[in-house]
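Taken in order, the sequence shown gives residues 1 to 41; the numbers are from full-length UniProt numbering. The next block holds one structure in the form of structure tokens; read it before the comments.
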Amino acid sequence: MSKKTSKKARSIKKEIKKRKAKVSKQESKVKKLKKKLKKIS
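Here's what the structure looks like:
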């Protein structure tokens, strides 16, 4: 039982890490786009 839960917790942690990485990637993309827009206007 404890092995199962720890495995689940690990996979959840992995998911959180993946999502955080995705979010940070999107944030950097947005920042770049904003810079481009400032240059254009």
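Built from N, CA and C at the ideal position, the CB exists for glycine as well. Bear in mind that the values here come from a model prediction, so they are computed numbers and not experimental data.
To the nearest angstrom, how far is it from the Cα of residue i to the Cα of residue j?
{"i": "V30", "j": "I12", "result": "27 angstroms"}
{"i": "K14", "j": "Q26", "result": "18 angstroms"}
{"i": "K8", "j": "A21", "result": "20 angstroms"}
{"i": "K32", "j": "K18", "result": "21 angstroms"}
{"i": "K34", "j": "K4", "result": "45 angstroms"}
{"i": "S28", "j": "S6", "result": "33 angstroms"}
Quick one: grab the DSSP three-state call for residue i.
{"i": "S28", "result": "helix"}
{"i": "S6", "result": "helix"}
{"i": "S11", "result": "helix"}
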